[in-house]
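*Asks:* Numbering (our numbering), first residue to last: 2 to 111. Quick reminder that beta carbons are idealized off the backbone N, C-alpha and C, glycines included. Remember, predicted model here, so these are calculated numbers, not experimental data. First, the structure itself, so that you have it in front of you.
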């Protein structure tokens, strides 16, 4: 059984358990962490976007900070369920970006 969209928001996430719509993003993050030799200290979904933070000990930490900002922006416009273009809606502040199909599902779960 597939968990509901709401259950994704209520669970604690690690890099291996992020929503399936962001799986391509997870692959990019894993590659960047390896190449930049950073150690992640924060992986959090907050206000419907993905926040990343490293411990600051890598010589490439400044590069990673810019990378983390671009990931935040990418997840803000990618449906967390299917990976298609999604938007965060003002009437549901803090909820994830969803495509039209999954937004309708989310509303009907309420």
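From residue 98 to residue 33, what does the alpha carbon distance come to, in whole angstroms?
*Replies:* Numbered from its first residue, the chain shown carries residue 98 at position 97. Numbered from its first residue, the chain shown carries residue 33 at position 32. C-alpha separation (whole angstroms): 23 Å.
*Asks:* Locate the alpha helix (DSSP H) running through residue 38, then write down its first and last residues.
*Replies:* If you number the chain shown from 1, residue 38 lands on position 37. Per DSSP, residue 38 belongs to no alpha helix (DSSP H) and is neither H nor E.
*Asks:* For residue 25, collect the residues of the same chain with a Cβ closer than 7 Å to its Cβ; drop the 5 residues on either side in sequence, then sort them by chain order.
*Replies:* Mapped onto the chain shown, residue 25 falls at position 24. Here the set comprises 84.
*Asks:* Identify which residue in 57, 75, 56 and 39 has its Cα closest to the Cα of residue 46.
*Replies:* For the purposes of this step, residue 46 is taken as residue 45 along the chain shown, with counting starting at 1. Nearest of 57, 75, 56 and 39 to residue 46, Cα basis: 75.
*Asks:* Quick check: the Cα distance between residue 57 and residue 109, rounded to an integer number of angstroms?
*Replies:* Looking up residue 57 in the chain shown gives position 56. Looking up residue 109 in the chain shown gives position 108. For residue 57 and residue 109, the distance between alpha carbons rounds to 43 Å.
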